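Going down the list, the sequences are from chains P and W. Under the numbering used here, the first residue of the first sequence carries the number 1, and numbering increases by one thereafter. Under the numbering used here, the first residue of the second sequence carries the number 79, and numbering increases by one thereafter. Just so you know, even glycine gets a beta-carbon here, dropped at the ideal spot from N, CA and C. Keep in mind it's a predicted model, so treat the numbers as computed, not measured. First the structure, in the form of structure tokens, and then the observations on it.
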Amino acid sequence: MTVFDKIVTMLDDKFGIDADEVTMESTFEELDLDSLDLVEFSMAAEDDMGVKITDDEAAELKTVGDAVKLLEAKGASV
Amino acid sequence: MSDQRFPDVAITGLGLVTPGGIGVDASWQAVLRGEGTATTDPALEGLGVTMSCRVPGFDGNELLGRRARKLDRFVQLALVAAKEAIGDADLDPDSWDGSRVGVVIGCGMGGAPTWEEQHSVLLDRGHSRVSPHLIPRMIPNMAAGHVAMDFAAHGPNLCTATACASGATAIGTALDMLRLGRCDIVLAGGTEAGITPLSISGFANMTALSNRVDDPAHASRPFDVDRDGFVAAEAAGVLVLERAEDARARGVRQYARLAGYGASADGHHVSAPHPQGAGGEMAVRAALDDAGLAPGDVDHVNAHGTSTPLNDVSEARMLRRVLGDRAAVTSTKGVTGHALGGAGALEAAFSALTIHHGVMPPTANLESQDSEVDIDVVSKAPREGKVEVVISDSFGFGGQNAVLALTAS
Numbered sequence: 001m002t003v004f005d006k007i008v009t010m011l012d013d014k015f016g017i018d019a020d021e022v023t024m025e026s027t028f029e030e031l032d033l034d035s036l037d038l039v040e041f042s043m044a045a046e047d048d049m050g051v052k053i054t055d056d057e058a059a060e061l062k063t064v065g066d067a068v069k070l071l072e073a074k075g076a077s078v
Numbered sequence: 079m080s081d082q083r084f085p086d087v088a089i090t091g092l093g094l095v096t097p098g099g100i101g102v103d104a105s106w107q108a109v110l111r112g113e114g115t116a117t118t119d120p121a122l123e124g125l126g127v128t129m130s131c132r133v134p135g136f137d138g139n140e141l142l143g144r145r146a147r148k149l150d151r152f153v154q155l156a157l158v159a160a161k162e163a164i165g166d167a168d169l170d171p172d173s174w175d176g177s178r179v180g181v182v183i184g185c186g187m188g189g190a191p192t193w194e195e196q197h198s199v200l201l202d203r204g205h206s207r208v209s210p211h212l213i214p215r216m217i218p219n220m221a222a223g224h225v226a227m228d229f230a231a232h233g234p235n236l237c238t239a240t241a242c243a244s245g246a247t248a249i250g251t252a253l254d255m256l257r258l259g260r261c262d263i264v265l266a267g268g269t270e271a272g273i274t275p276l277s278i279s280g281f282a283n284m285t286a287l288s289n290r291v292d293d294p295a296h297a298s299r300p301f302d303v304d305r306d307g308f309v310a311a312e313a314a315g316v317l318v319l320e321r322a323e324d325a326r327a328r329g330v331r332q333y334a335r336l337a338g339y340g341a342s343a344d345g346h347h348v349s350a351p352h353p354q355g356a357g358g359e360m361a362v363r364a365a366l367d368d369a370g371l372a373p374g375d376v377d378h379v380n381a382h383g384t385s386t387p388l389n390d391v392s393e394a395r396m397l398r399r400v401l402g403d404r405a406a407v408t409s410t411k412g413v414t415g416h417a418l419g420g421a422g423a424l425e426a427a428f429s430a431l432t433i434h435h436g437v438m439p440p441t442a443n444l445e446s447q448d449s450e451v452d453i454d455v456v457s458k459a460p461r462e463g464k465v466e467v468v469i470s471d472s473f474g475f476g477g478q479n480a481v482l483a484l485t486a487s
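Pasting the structure below:
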């Protein structure tokens, strides 16, 4: 499983977003995820992948690809 | 008939989500059938009181999509009711001047389910896992806030909180806003979805709730000698209000006039009504005065009628004393249960429908009228006939009273 796959699963489980809606290019805005949702996303990432996303980093995330890059750089375990 | 100091205000749209069903038709038909809607509630298993009146088949995800997860149930109910009301009034948020559209939606408790769920998260998983959506889901003004977001209603926007009178207070406040010209249209009503283990335990330990848990459908029995408390309900009601002159110009149907509003405070006790209904009397008289009506003009009362031993006697005494013996009285809570902050809005809608259709709904489960209730209670079957003047009573914990007077257009 890749970090992308893990994110897709997380978005489905926790945010009710169908897997086939999500690509690397999807923006969180398109997926109806606002700044509060991104805080929740960070909590879930920490729980599921063991890495911490700071509030400042979360605020910078625009696309799913941004999140993949950040989580990979932090050594997310999937 | 109404006081010409102020422009007349009309009710031109209705939206209801109630234990009778989703929508005005389902809700009104349930009220006319006059059968209790309370059922055993699995969410309350293990408590002393295990029944409630839920909205049958209400699935927020299905009706509102995936954002429903960010909305407490009281907001979900209100959004569905508001959408129906706007359509019913033949209004289109895409073309209206949103700066002139106000929203006043009362709520007694706010997002109790969210509060409890997240409190468990705090205890089980620690502060860092408490949802960032906790506060926006829970705060009671969020029903009005979300209605503004969904329907481009950018005028004055607020939540009234007078416990079980919140919905009626909202509608009365909207009347004032229209009379003063602060808005051209107001979406006014109330919502509540606070049936949780914690809140039900609190109500139960006040001895406010019926204990007839082995026979839920007959538990809410306003004015009956064997009543023993209310049954908690979830529901939302939204009315579209506008000045009658504007409604006429639009050529839209007017269910009724919202002719008067009266409010008062018992200043007596946190939960018990004044034994003689002194505060309620002040509010009824104020509503009639505001509407330019005399007590003898009242054809019908949609009573607060909670099915608690104390309320129903004090309210009946008050109605008899103020109105005499002519007005026929119904408590629709026999059917719906008590929707707390939503109740006054449902009952205002039922009052408007009573005038519009010329039919007074029966009070469910009235088998043996309490001898201390010396009023004409409509029971068994709907009573048909011309209805020109209705008052709708709502009394909240804290002694807060709100009474609406409606008249035929």
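Minimum Cβ-Cβ distance from residue i to chain P less than 8 Å
i, result
"P191 (chain W)", "no"
"S446 (chain W)", "no"
"P210 (chain W)", "yes"
"R151 (chain W)", "no"
"R299 (chain W)", "no"
"R83 (chain W)", "no"
"R147 (chain W)", "yes"
"R27 (chain W)", "Past the edges of chain W, shown from 79 to 487, lies residue 27 (chain W), and the structure says nothing about it."
"R326 (chain W)", "no"
"R207 (chain W)", "yes"
Closest residue to residue i among the options (Cα-Cα distance)
i, options, result
"E40 (chain P)", "P:A19, P:K62 and P:A58", "P:A58"
"D520 (chain W)", "W:M284, W:G99 and W:H352", "Lying outside 79 to 487, the shown extent of chain W, residue 520 (chain W) is not represented and no answer is given."
"A406 (chain W)", "W:G419, W:A423, W:E194 and W:S429", "W:S429"
"A243 (chain W)", "W:G91, W:R328 and W:G340", "W:G340"
"E162 (chain W)", "W:A104, W:V348, W:T128 and W:D375", "W:A104"
"D375 (chain W)", "W:H434, W:R404, W:T384 and W:R399", "W:R404"
"L36 (chain P)", "W:P210, W:L418 and W:D344", "W:P210"
"L265 (chain W)", "W:K411, W:A286, W:L110 and W:V179", "W:V179"
"V348 (chain W)", "W:F473, W:T118 and W:D202", "W:F473"
"L94 (chain W)", "W:A159, W:G245 and W:R331", "W:A159"
Residue i to residue j span [Cα, whole Å]
i, j, result
"D81 (chain W)", "L336 (chain W)", "Bear in mind that the predicted position of D81 (chain W) carries a pLDDT of just 48, short of 50, making it unreliable; the figure below should be weighed with that in mind. One C-alpha to the other measures close to 12 Å."
"S177 (chain W)", "D262 (chain W)", "9 Å"
"M43 (chain P)", "A314 (chain W)", "33 Å"
"D48 (chain P)", "L71 (chain P)", "11 Å"
"G114 (chain W)", "S457 (chain W)", "13 Å"
"M79 (chain W)", "F28 (chain P)", "Note that M79 (chain W) scores a pLDDT of 48, beneath 50, so its modelled location is shaky and nothing firm can be said."
"T414 (chain W)", "A426 (chain W)", "14 Å"
"D66 (chain P)", "A146 (chain W)", "26 Å"
"I17 (chain P)", "V51 (chain P)", "22 Å"
"H346 (chain W)", "N479 (chain W)", "12 Å"
"A322 (chain W)", "F84 (chain W)", "11 Å"
"G223 (chain W)", "C237 (chain W)", "9 Å"
"S487 (chain W)", "A88 (chain W)", "8 Å"
"G419 (chain W)", "R363 (chain W)", "23 Å"
"K69 (chain P)", "Q154 (chain W)", "36 Å"
"I453 (chain W)", "T410 (chain W)", "16 Å"
"L484 (chain W)", "I213 (chain W)", "37 Å"
"N219 (chain W)", "M227 (chain W)", "13 Å"
"K74 (chain P)", "A239 (chain W)", "48 Å"
Interface flag, residue i vs chain W, CB-CB below 8 Å
i, result
"I17 (chain P)", "yes"
"E29 (chain P)", "no"
"V39 (chain P)", "yes"
"D12 (chain P)", "no"
"I7 (chain P)", "no"
Contacts of residue i in chain B (Cβ-Cβ under 9 Å)
i, result
"L61 (chain P)", "Judged by its chain identifiers, the structure shown contains no chain B, and its protein chains are P and W."
**Request:** Would you check if the segment 390-404 of chain W and the segment 306-321 of chain W touch, i.e. whether three or more CB-CB distances between them fall below 8 Å?
**Result:** no
Given 8 Å, three or more beta-carbon pairs between the segment 368-383 of chain W and the segment 457-467 of chain W: yes
(Q) Within 8 Å, do at least three Cβ pairs link the segment 231-246 of chain W to the segment 254-273 of chain W? (A) yes
Evaluate the contact criterion for the segment 291-301 of chain W versus the segment 439-452 of chain W: three or more CB pairs, one atom per stretch, below 8 Å.
yes
- Message: Beta carbons nearer than 7 Å to chain W: which residues of the segment 32-57 of chain P have them?
- Response: D32, L36, V39, E40 and M43
Check whether the segment 261-280 of chain W touches the segment 354-364 of chain W, taking contact to mean three or more Cβ pairs, one atom from each stretch, closer than 8 Å.
no
Between the segment 120-134 of chain W and the segment 196-204 of chain W, do at least 3 Cβ pairs fall closer than 8 Å? no
| query | Are the segment 182-196 of chain W and the segment 238-256 of chain W in contact at 8 Å, needing three or more beta carbon pairs? | reply | yes
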